[in-house]
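For what it's worth, my numbering labels the leading residue of the sequence shown as 235, then goes sequentially.
Beta carbons are placed, not taken as given, at the ideal position from N, Cα and C, and that holds for glycine.
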Amino acid sequence: MNIIQIDETNFNRLASLVAEFRVTLRSYKGIVSEPDPEEGREDLQFFQEAGYPIFAAEEAGRLTGYIVCRIEGSLLWVEQIYACEDCRRRGVASLLFAKAEELARSLGEETVFNYVHPNNDGMIAFLRSKGYTVLNLIEIRKPFPGEKLTTKISVDNQSFDY
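In structure tokens form, the structure reads like this:
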């Protein structure tokens, strides 16, 4: 398996995986949807124009996963990481994440910052397996008009709608 950098010459190959990632994200909120490759291309275009480093895992000519990194000063944030369902537990995400950690070290940092959906138990377990255990930020917002929040999440002595 090879890790390749995605740029304007090859990002159309990745659009379907980005679309699959979007479907997965929506599922954490109970939304059922179908992959939209055009939406994937739009996301990749945004990342490319913003200068975000994008890497993909390639095996036998097939892209099996990807990672999008955002660099702010010397900090590296993982914006998206995704491995195809049929390629999970085969080291795809670990290789991609190692690339992000390597990039963070090149910036003089010892850690990668990660946004994780609270329902994404698989990603939380993955990050814990890599030694990531510090809760760093909590995003808080007002409910959207008509949004039905059915779950409560507690952090220390605080309770939040979710």
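Is it buried or exposed for Ile-387, if we count other Cβ within 10 angstroms and need 16 for buried? Exposed.
Only counting runs of 3 or more residues, tell me where the beta strand (DSSP E) segments fall wholly within the segment 281 to 324, in order along the chain. For the segment 281 to 324, whole beta strand (DSSP E) runs of length 3 or above, ordered along the chain, are 288 to 293, 296 to 306, 309 to 317.
8 Å contact criterion, which Ile-240 and Ile-305 should meet: CB distance rounded: With a Cβ gap of about 15 Å, Ile-240 and Ile-305 do not count as contacting.
Let me know if Ala-327 comes out buried or exposed under the rule of 16 or more other beta-carbons within 10 Å of its beta-carbon. Result: buried.
Secondary structure of Ser-388, DSSP reduced to three states: In this structure, Ser-388 counts as strand in the three-state DSSP scheme.
Where do the N-terminal and C-terminal ends of the alpha helix (DSSP H) with Ile-374 fall, by residue? No alpha helix (DSSP H) contains Ile-374, which DSSP labels as neither H nor E.
Please state whether DSSP places Ser-267 in a helix, a strand or coil. In the structure shown, Ser-267 sits in coil (DSSP, three-state: anything other than H, G, I, E or B).
Endpoints, the beta strand (DSSP E) within which Ile-238 is located: Note, Ile-238: beta strand (DSSP E), 236 to 239.
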